[in-house]
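Asker: So that we are looking at the same thing, I have put the structure below in structure tokens.
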Amino acid sequence: MAITRSRGKLKGRTPKLTARQQAEPVQMHATGDYTIAELLEVFSVGRATVYRVLECAAINPTGTADAPTLPDHRKRAFLNGLDRGSLCGMHPSRVYVRGLPLPVLLIEAMASGAWPAQDDMRLREIMPWFEDPLDLLADVHEMRRESAPLDWMTEDSATADFFRLARGSRAGDLVELPWLDADLAVLIGVNRNPGDDVALALDYRTGSDDPSVVASDWWTEPHQCAWRIVAPTFSAFAAALGVDVRRRYPYVGPEEIRVQIRSQGRGHPITSSTDLAEWLARQASSERGEPFTFVIDESTTLRLAPRRSEHVVCAGGAPVQSAGEITFEPDGDGWRVSEISNQSTGYCPEPDSYAAVQAALDTAGIEHPGRFTVPIVFRRCGSCGQLNIVKDDHYFCAMCDESLPAAWNADASGEPAPRPRNGTAVGDIVSGTVVADERPFGPRIRLDGDASMPAHIRDFPWKGKRSDAVRIGRHVTAEVVSIDDAAGRIWLSLAATEDSELWRYLKGLRAGDVLTGTVADIRSLAICTDVTAEAVGPALAKQDPARRHR
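For the sequence shown, the residue numbers in this note's numbering are 51 to 600.
What follows is the structure, given as structure tokens:
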């Protein structure tokens, strides 16, 4: 392959940005004037492309005309996020404020109503230096609105010094406490009383998956703001507030598997490294290097079962905080986790369920990678009910190509969503307007007076070009030849209405029927035959032979 590539015969997929074009987003990001979201709009590329370019620039130690580099302070901040796998989790279910992803725990807390957990007494315990009341911001819109002034406040040097705000993208070195890096901060709490000028913020200098929480301090050093650590991570801050949004995943697999729960015991609980060593010693030596079934039960305890065991059996039929497959390898006198995934079609846990895995493994004293080495995203199609594994952020159903939701929905009904037909039946002659050419289904028709189900052309006219027959905006008449209730689609035939007599004859043919005639044309995909009058009947035999060559 190396030789072939050197000869220019193996080029692979063309990059979205050339080497010279890649230098531009790196330089723009390094100035600090552009957020990631703004770069996406400027260059019309996906988030993964921008992050891949910035990752290469952060890793490249020198930088050339074709391989740009980031300034040291931006490089450290960027790689700090890389170390925590933040770039691997870019997908539509994340919510961004100022180009920074909100912690999944915060998103789930807002969705469940657990946030804002406004408790003034607990906040005073967590931040004993605070003397003024503070309100937690209730939703993403408030966070975006209150965080927006961070940019212009750093433009005025007196204001920036007074509030101890700086932009790391413009600083000569990494911005450290008691200063707040405005480029890597999102406000989640502000003063209740006008004029107090106090705030609570997510600080992404420690990483983007679970950023730390900092707050302003005007009382320790009068007349000068200082930013202080409130909690090392947002999850720790949420726990201190009493926010409990740990998701319990119900069993969503086939019901017939539940019967195995009665005949097999639950998975073995692992609460220490000794428990793990003893359990592995009881397994066959040939199995110890293979993946085992695991669940994290409702008490945040790791439970293991031999490979190919059902997760619902391992959990005893109860909901879980996470589930998947786990592989161990020797580590000195003990064992450590070498590979782990959330592969469980019975529970379909989200990749962010690793927080529960981490808690269980840390409690047991077992070393682990810190993330799923093979993260999997499950989504159920609301149209056909198919359970999908989302790959490469392609949120579309593999069966019917309908879009998939950003939020977890594996517990939704597996039955196709009911779609009214408004009386449409196979054999009906309908009319409509061509509105799009949707791959792989073909031209889509908006039926006159009935938009309940998408309609697509399956059979094209006998004569003329396909592009002419289904030009967008053209009004067409077709026959309904099939209705797919599972996929929620209607299939139409333009050929049926072009020559109704020929169409009726063709529909009457059955496998095994014998036709006689003369070969009229040989094409790449067919041999066209001019059938005899006896085969098609006198009426069709009088037509242009070109219309009988089928």
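No residue lacks a Cβ here, since even glycine has one placed at the ideal position from N, Cα and C.
1. Just to check my reading of the structure: A251 and F180 have Cβ atoms closer than 8 Å, yes? What is that Cβ distance to the nearest angstrom?
2. Give every residue of the same chain whose Cβ lies closer than 7 Å to the Cβ of D182, excluding the five residues on either side of it in the sequence, and list them in chain order.
3. Using CA coordinates, which residue listed in E360, G396, S219 is at the minimum distance from Y299?
4. Which of the three DSSP states, helix, strand or coil, is assigned to E175?
5. Given this structure, state the Cα-to-Cα distance separating L544 from G477, to the nearest angstrom.
6. So S391 and T423 are supposed to be a Cβ contact under 8 Å. How far apart are they, rounded?
7. Tell whether a beta-carbon distance below 9 Å holds between G218 and D233.
8. Taking all protein chains shown into account, do 16 or more other C-beta atoms lie within 10 angstroms of the C-beta of I439, making it buried, or fewer, making it exposed?
9. Quick check on the burial criterion: 16 or more other C-beta atoms within 10 angstroms. Buried or exposed for L565?
10. State the Cα-Cα distance for the pair A457 and W553, rounded to the nearest angstrom.
11. Could you work out which residue in G499, G492, W385 is closest to T474 when comparing CA atoms only?
12. So, is V154 buried or exposed, given that buried needs 16 or more other C-beta atoms within 10 angstroms?
13. Give me whichever residues DSSP pairs with A249 in a beta bridge.
14. Once DSSP output is grouped into helix, strand and coil, what is the label at S285?
15. Start and end of the alpha helix (DSSP H) containing D325?
16. Going straight from the alpha carbon of G135 to that of E74, what length do you get?
17. What does a CB cutoff of less than 7 Å around H141 pick up in its chain, not counting 5 residues either side in sequence?
18. Between E306, R358, Q393, which lies nearest to G367 when the distance is taken from Cα to Cα?
19. Kindly provide the ranges of any beta strand (DSSP E) runs that are 3 or more residues long and lie completely inside the segment 374-435, ordered along the chain.
20. Contact check, W277 vs P228 under 8 Å by CB: the rounded distance?
21. Relative to the ligand FMN, is the shortest distance from any of its heavy atoms to the C-beta of E389 smaller than 8 Å?
22. Helix, strand or coil for E529 per DSSP?
23. With DSSP run on the structure shown, which of helix, strand or coil describes L132?
24. Report the CB separation of C364 from R316 in whole angstroms; it is logged as a contact under 8 Å.
25. So, with DSSP's three-state summary, where would you put D580?
26. What whole-angstrom Cβ distance do I495 and L556 have, given they're in contact under 8 Å?
27. What is the rounded straight-line gap between the Cα of G163 and the Cα of S262?
28. Spatial neighbours of A327 within its chain, please: C-beta separation below 7 Å, excluding the five flanking residues on both sides.
29. For L519, collect the residues of the same chain with a Cβ closer than 7 Å to its Cβ; drop the 5 residues on either side in sequence, then sort them by chain order.
30. Closer than 6 Å by C-beta to A460: which residues in its own chain qualify, once you throw out the five before and the five after it? Chain order, please.
31. Compute the beta-carbon to beta-carbon distance between T324 and A409, rounded to the nearest angstrom, for a pair I have assumed lies under 8 Å.
32. Does the distance from the C-beta atom of G492 to that of I507 stay below 9 Å?
33. Beta-carbon within less than 6 Å of L186's beta-carbon, same chain only, minus the 5 sequence neighbours each way: which residues are those?
34. According to DSSP, L291 sits in a beta bridge with which residue or residues?
35. I need the DSSP call for W541, collapsed to helix, strand or coil.
36. Got a sec? Which residues, its chain only, sit under 7 Å from T209 by beta carbon, not counting five neighbours each side?
Answerer: Short version:
1. Taking the Cβ atoms as the reference, A251 lies roughly 14 Å from F180, outside the contact range of under 8 Å.
2. Taken in chain order, the residues that qualify are N241, N243, D246, V248.
3. Taking only the C-alpha atoms, the option nearest Y299 is G396.
4. The answer is helix: DSSP assigns E175 an H, G or I state.
5. For the pair L544 and G477, the Cα-to-Cα distance works out to about 12 Å.
6. 7 Å between Cβ atoms; contact.
7. At a Cβ-Cβ threshold of 9 Å, G218 and D233 count as neighbours.
8. I439 is exposed by the Cβ-count criterion.
9. L565 is exposed by the Cβ-count criterion.
10. Between A457 and W553, the alpha-carbon positions lie close to 47 Å from each other.
11. Sorting G499, G492, W385 by C-alpha distance to the C-alpha of T474 places G499 at the top.
12. By the neighbour-count rule (16 or more Cβ atoms within 10 Å), V154 is buried.
13. A249 pairs with V240.
14. The answer is helix: DSSP assigns S285 an H, G or I state.
15. D325 -> alpha helix (DSSP H) spans 323-331.
16. Because the pLDDT at G135 is just 33, under 50, the model does not fix this residue reliably, and the point stays unresolved.
17. Low per-residue confidence applies at H141: pLDDT is 35, beneath 50, and the placement is therefore not dependable enough to give any value.
18. Residue E306 is the option with its Cα nearest to G367.
19. DSSP runs (the beta strand (DSSP E)) wholly in the segment 374-435: 384-391, 427-430.
20. Yes, they are in contact, since the Cβ atoms of W277 and P228 sit about 5 Å apart, within 8 Å.
21. Summarising the ligand content, the structure contains no ligands, and the ligand FMN is consequently not present.
22. When secondary structure is reduced to three states using DSSP, E529 falls in the strand class.
23. Low confidence applies to L132: its pLDDT is 36, below 50, so where it sits in the model is not reliable, and the reading given next is rough at best. When DSSP states are grouped into helix, strand and coil, L132 belongs to the helix group.
24. Confirmed, Cβ separation roughly 6 Å.
25. Strand.
26. Actually they do not touch by this definition, with Cβ atoms about 22 Å apart.
27. Their Cα atoms are separated by approximately 22 Å.
28. Counting only Cβ-Cβ distances below 7 Å, and skipping sequence neighbours, we find G384, W385.
29. Note that residue 519 corresponds to Ala in the displayed sequence, not to Leu. Its chain contains F510, P511, L544 as the residues whose beta carbon lies nearer than 7 Å to that of A519, once the 5 sequence neighbours on both sides are disregarded; these appear in chain order.
30. Closer than 6 Å at the Cβ level, and outside the excluded window around A460, lie V302, C398, F428, R430.
31. The Cβ separation is near 19 Å, so there is no contact.
32. Contact flag set, yes.
33. In the same chain as L186, and ignoring 5 residues on each side of it, the C-beta atoms closer than 6 Å to its own belong to P166, Q168, G239, in chain order.
34. Bridge partners of L291 according to DSSP: none are assigned.
35. DSSP places W541 within a strand segment (E or B) once states are collapsed to three.
36. Excluding sequence neighbours, T209 sits near M203.
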